Amino acid sequence: MTKSIEIKNLFFEYDENLNTIDDVSFDVENGSYTVILGHNGSGKSTIAKLIIGLLEAKSGKIVVDGIELNDENVYKVRERVGIVFQNPDNQFIGATVRDDIAFGLENRCVPQTEMDGIINKYAKKVDMIDFLDHEPTKLSGGQKQRVAIAGILAMSPDIIILDEATSMLDPKGRREINALVKELNEETNMTVISISHDIEEAVNADRVVVLNNGKVVKDGTPEDILTDEALMYSLELDVPFAYKVSKKLAENGIEVGKNLKEKELIEKLCLLNLNK
Amino acid sequence: MSIKFEQVSHTYSKNTPFQYIALKDVDLAIEKGSFTAIIGHTGSGKSTLIQHINGLILPTSGIVTVNDFVVDANNLPKVLRPLRQMAGLVFQFPEYQLFEDSVEKDIIFGPKNFGVDEETAKQKAKEALAMVKMDESYLEKSPFDLSGGQKRRIAIAGILVMEPDILVLDEPTAGLDPQGAKEMMELFKALNDQGKTVIIVTHDMNQVLNYCDHAVVMNKGEIIKTGTVEEIFKDPEYLETLSIDLPIMTHFIHELNKNGFHIDPSIKDLDTLIKAIGGK
Numbered sequence: 065m066t067k068s069i070e071i072k073n074l075f076f077e078y079d080e081n082l083n084t085i086d087d088v089s090f091d092v093e094n095g096s097y098t099v100i101l102g103h104n105g106s107g108k109s110t111i112a113k114l115i116i117g118l119l120e121a122k123s124g125k126i127v128v129d130g131i132e133l134n135d136e137n138v139y140k141v142r143e144r145v146g147i148v149f150q151n152p153d154n155q156f157i158g159a160t161v162r163d164d165i166a167f168g169l170e171n172r173c174v175p176q177t178e179m180d181g182i183i184n185k186y187a188k189k190v191d192m193i194d195f196l197d198h199e200p201t202k203l204s205g206g207q208k209q210r211v212a213i214a215g216i217l218a219m220s221p222d223i224i225i226l227d228e229a230t231s232m233l234d235p236k237g238r239r240e241i242n243a244l245v246k247e248l249n250e251e252t253n254m255t256v257i258s259i260s261h262d263i264e265e266a267v268n269a270d271r272v273v274v275l276n277n278g279k280v281v282k283d284g285t286p287e288d289i290l291t292d293e294a295l296m297y298s299l300e301l302d303v304p305f306a307y308k309v310s311k312k313l314a315e316n317g318i319e320v321g322k323n324l325k326e327k328e329l330i331e332k333l334c335l336l337n338l339n340k
Numbered sequence: 002m003s004i005k006f007e008q009v010s011h012t013y014s015k016n017t018p019f020q021y022i023a024l025k026d027v028d029l030a031i032e033k034g035s036f037t038a039i040i041g042h043t044g045s046g047k048s049t050l051i052q053h054i055n056g057l058i059l060p061t062s063g064i065v066t067v068n069d070f071v072v073d074a075n076n077l078p079k080v081l082r083p084l085r086q087m088a089g090l091v092f093q094f095p096e097y098q099l100f101e102d103s104v105e106k107d108i109i110f111g112p113k114n115f116g117v118d119e120e121t122a123k124q125k126a127k128e129a130l131a132m133v134k135m136d137e138s139y140l141e142k143s144p145f146d147l148s149g150g151q152k153r154r155i156a157i158a159g160i161l162v163m164e165p166d167i168l169v170l171d172e173p174t175a176g177l178d179p180q181g182a183k184e185m186m187e188l189f190k191a192l193n194d195q196g197k198t199v200i201i202v203t204h205d206m207n208q209v210l211n212y213c214d215h216a217v218v219m220n221k222g223e224i225i226k227t228g229t230v231e232e233i234f235k236d237p238e239y240l241e242t243l244s245i246d247l248p249i250m251t252h253f254i255h256e257l258n259k260n261g262f263h264i265d266p267s268i269k270d271l272d273t274l275i276k277a278i279g280g281k
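Okay, structure coming up:
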């Protein structure tokens with residue numbers, strides 16, 4: 065499998081002598097869905113900004129789709145990577161939702177005749193089709209995040225980085241957006257890197273990278289990482305609810321295995337003859 | 002009765018092509034000392050509703066009463082001063098409102114504007130900082146050198162320093178990690194226990210279950226249900242139609258019950274749940 069992103073021995077400091085990113089190395093497979101977990105201040109967003117060249121590393125190497133990030137190549141890299149920031153107010157340009165989604169397309173010289181179709185398609189996907197003529201600044205926080213995501217998806221990036229991009233959505237809205245991203249990931253092979261605290265999202269990822277104090281402390285499958293309670297709690301993160309219940313049941317004499325997904329746990333419980 | 006909405010409507014950009022009716026004929030009463038959650042789909046009018054409580058926006062029609070203070074379409078900003086002291090509003094991402102070069106200056110900005118002398122304001126700033134569990138060493142630091150969670154605490158201290166009776170919070174834990182969110186919710190619970198009325202907009206139904214006593218459900222600019230938290234979560238099918246989730250625990254119990262279990266859906270803690278499932 066080819067690599068979408070290769071990061072080697074990356075260092076970055078905002079303040080002298082304090083490495084915000086401290087010797088980070090990891091690769092992201094083409095077409096994979098990776099969740100980067102870590103508490104506030106662990107360096108997650110900094111890595112995102114380094115990947116698209118918004119910040120410049122002190123040392124180390126970043127390669128995106130085979131292109132090494134440097135002053136010369138930064139625009140080539142940005143053509144391939146779409147990023148949605150946590151606070152959508154930081155990335156609105158247009159006077160209406162339609163204009164805002166169109167902005168990225170105009171920059172990529174998409175013909176006018178195709179543009180409307182693309183805008184409608186993605187506005188519909190994020191459930192904002194009724195708001196195309198509204199001012200982005202007057203929308204609610206969650207609606208703004210939907211528009212910001214549509215604006216990036218419309219450009220069909222090879223790689224999308226979501227930096228807590230659904231933090232203001234209600235849980236159902238968040239699940240819908242996560243499902244949309246997952247669908248595009250599977251159908252179009254778009255590589256997804258999602259920076260998140262959302263343990264329930266991490267359950268469905270291909271891979272989880274855990275950051276703490278600017279270092280990768282663990283890298284593996286959701287099963288490896290999310291069941292490592294000592295690690296999760298030491299990083300002030302939670303473990304999935306289904307896993308908590310499974311473990312507590314085992315302590316109380318009911319063996320159901322290590323379940324990360326609620327559906328599996330319920331199925332197993334139904335097979336046991338309990339207090340129904 | 003602490004807060005009362007009577008037939009309150011609000012239209013943004015009235016008489017322009019962007020006209021948008023965000024609240025429609027809302028009636029609502031919030032008891033003094035309660036901890037009330039405002040829930041609903043994004044864009045259902047939650048933020049618009051709560052911004053009426055301190056007169057940040059005025060009703061297009063109808064009346065809002067906060068304690069004895071009456072807010073209607075004709076209030077002038079000057080008249081609203083006592084209301085702004087009574088009801089403190091914390092926005093989404095309050096850390097973006099920090100602007101001074103030291104934490105102390107940022108916190109005392111509000112009280113000084115309300116005519117409190119500098120010495121008293123500084124004393125109050127220390128108390129407010131203690132309330133958000135930060136020590137005095139932060140007073141001289143620049144708020145911009147702090148982490149996101151710390152910035153948010155400072156911004157909240159800047160509201161608490163005004164000693165409001167009513168604390169209105171718009172998604173105060175959005176973007177915080179689970180530990181940070183938990184500490185924040187425990188802070189609000191402690192303030193509520195001290196007698197403050199707390200109103201919180203949140204999408205996290207686990208927070209509603211664990212901390213709040215009442216909930217208000219909004220949909221398309223209208224209030225469609227109010228009640229105790231238990232009453233609100235009783236009917237999962239109805240909530241589903243409104244795009245509102247159940248708390249993870251309540252959801253799990255309902256799923257088990259669909260499969261033949263008979264577990265009390267108002268259970269809030271894991272140990273009780275395990276016993277109900279059949280653990281020893």
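Quick note, the sequences are listed as chains A and B, same order.
Count along the first sequence from 1, add 64, and you get the number used in my numbering.
Count along the second sequence from 1, add 1, and you get the number used in my numbering.
Each residue gets a CB set at the ideal place from its N, CA and C atoms; glycine is no exception.
In this text, all values refer to a predicted model and were calculated from it rather than measured experimentally.
{"Query": "Separation of isoleucine 257 of chain A from isoleucine 193 of chain A, as counted between CA atoms", "Result": "26 Å"}
{"Query": "Given leucine 324 of chain A as reference, the closest of A:Gly317, A:Glu264, A:Gly124 and A:Leu301 once Cα atoms are compared", "Result": "A:Glu264"}
{"Query": "Any non-hydrogen atom of the ligand NAP closer than 7 Å to lysine 140 of chain A Cβ", "Result": "Absence of the ligand NAP from the depicted structure is noted, as is the absence of any ligand whatsoever, leaving it without description."}
{"Query": "7 Å Cβ cut-off: residues of chain B touching serine 204 of chain A", "Result": "Thr43, Gly44 and Ser48"}
{"Query": "Lysine 190 of chain B versus arginine 172 of chain A - alpha carbon distance", "Result": "50 Å"}
{"Query": "Cβ-Cβ separation, asparagine 76 of chain B to glycine 282 of chain B (assumed contact under 8 Å), whole Å", "Result": "Because residue 282 of chain B is not part of the residues shown, which for chain B are 2 to 281, the question remains open."}
{"Query": "Identity of the residue in A:Lys189, A:Ala112 and A:Met254 nearest lysine 67 of chain A by Cα", "Result": "A:Met254"}
{"Query": "Where the alpha helix (DSSP H) through aspartate 180 of chain A begins and ends", "Result": "176 to 189"}
{"Query": "Chain B within 8 Å of glutamate 300 of chain A, Cβ atoms only", "Result": "yes"}
{"Query": "Rounded separation between threonine 203 of chain B and asparagine 134 of chain A - CA only", "Result": "42 Å"}
{"Query": "Among B:Asp236, B:Val169, B:Pro18 and B:Asp270, the one whose alpha carbon lies nearest that of threonine 160 of chain A", "Result": "B:Pro18"}
{"Query": "Below-8 Å beta-carbon distance, lysine 312 of chain A vs any chain B residue", "Result": "yes"}
{"Query": "Contacting positions in the region 206 to 219 of chain B - beta carbon closer than 8 Å to chain A", "Result": "Met206"}
{"Query": "Proximity test, Cβ basis, 8 Å: glutamate 256 of chain B and chain A", "Result": "yes"}
{"Query": "Neighbouring residues, chain A, relative to phenylalanine 94 of chain B (Cβ below 7 Å)", "Result": "Asn151"}
{"Query": "Identity of the residue in B:Thr12, B:Asp28, B:Leu29 and B:Val27 nearest tyrosine 21 of chain B by Cα", "Result": "B:Thr12"}
{"Query": "Proximity test, Cβ basis, 8 Å: glycine 237 of chain A and chain B", "Result": "yes"}
{"Query": "Histidine 255 of chain B versus proline 266 of chain B: straight-line alpha-carbon distance, rounded", "Result": "7 Å"}
{"Query": "Below-8 Å beta-carbon distance, tyrosine 13 of chain B vs any chain A residue", "Result": "yes"}
{"Query": "C-beta atoms of valine 91 of chain B and leucine 29 of chain B nearer than 8 Å", "Result": "no"}
{"Query": "Coarse secondary structure for lysine 341 of chain A, derived from DSSP in three states", "Result": "Limits of chain A in this structure are 65 at one end and 340 at the other, which puts residue 341 of chain A out of reach."}
{"Query": "Segment contact flag, the region 97 to 107 of chain A with the region 298 to 310 of chain A, C-beta cutoff 8 Å, min 3 pairs", "Result": "yes"}
{"Query": "Cβ of glutamine 155 of chain A within 8 Å of any chain B Cβ", "Result": "no"}
{"Query": "Within 8 Å, strictly: CB atoms of methionine 87 of chain B and asparagine 114 of chain B", "Result": "no"}
{"Query": "Three-way DSSP call (helix, strand, coil) for threonine 215 of chain B in this model", "Result": "Looking at the sequence provided, one finds histidine at residue 215 of chain B rather than threonine. Strand, per DSSP."}
{"Query": "Whole-angstrom distance between methionine 232 of chain A and isoleucine 268 of chain B, CA atom to CA atom", "Result": "27 Å"}
{"Query": "Outcome for serine 62 of chain B when other beta-carbon atoms lying within 10 angstroms are tallied against a minimum of 16", "Result": "exposed"}
{"Query": "Selected residue, minimal CA-CA separation from phenylalanine 76 of chain A, among A:Leu336, A:Lys108, A:Ala229 and A:Glu70", "Result": "A:Lys108"}
{"Query": "Same chain only: Cβ atoms within 7 Å of glutamate 137 of chain B, ignoring 5 sequence neighbours per side", "Result": "Lys127 and Leu130"}
{"Query": "Test: isoleucine 330 of chain A CB closer than 8 Å to a CB of chain B", "Result": "yes"}
{"Query": "Test item: CB-CB of phenylalanine 262 of chain B and proline 248 of chain B under 8 Å", "Result": "no"}
{"Query": "Test: phenylalanine 145 of chain B CB closer than 8 Å to a CB of chain A", "Result": "no"}
{"Query": "Contact list for aspartate 246 of chain B against chain A, beta-carbon separation under 9 Å", "Result": "Asp234, Pro235, Lys236 and Arg239"}
{"Query": "Listed by chain order, chain B residues near asparagine 268 of chain A by CB distance under 7 Å", "Result": "Within chain B, no residue comes near asparagine 268 of chain A; the closest Cβ sits about 16 Å away, beyond 7 Å."}
{"Query": "Identified DSSP bridge partners for asparagine 220 of chain B", "Result": "B:Glu223"}
{"Query": "Cα-Cα separation, serine 244 of chain B to aspartate 129 of chain A", "Result": "38 Å"}
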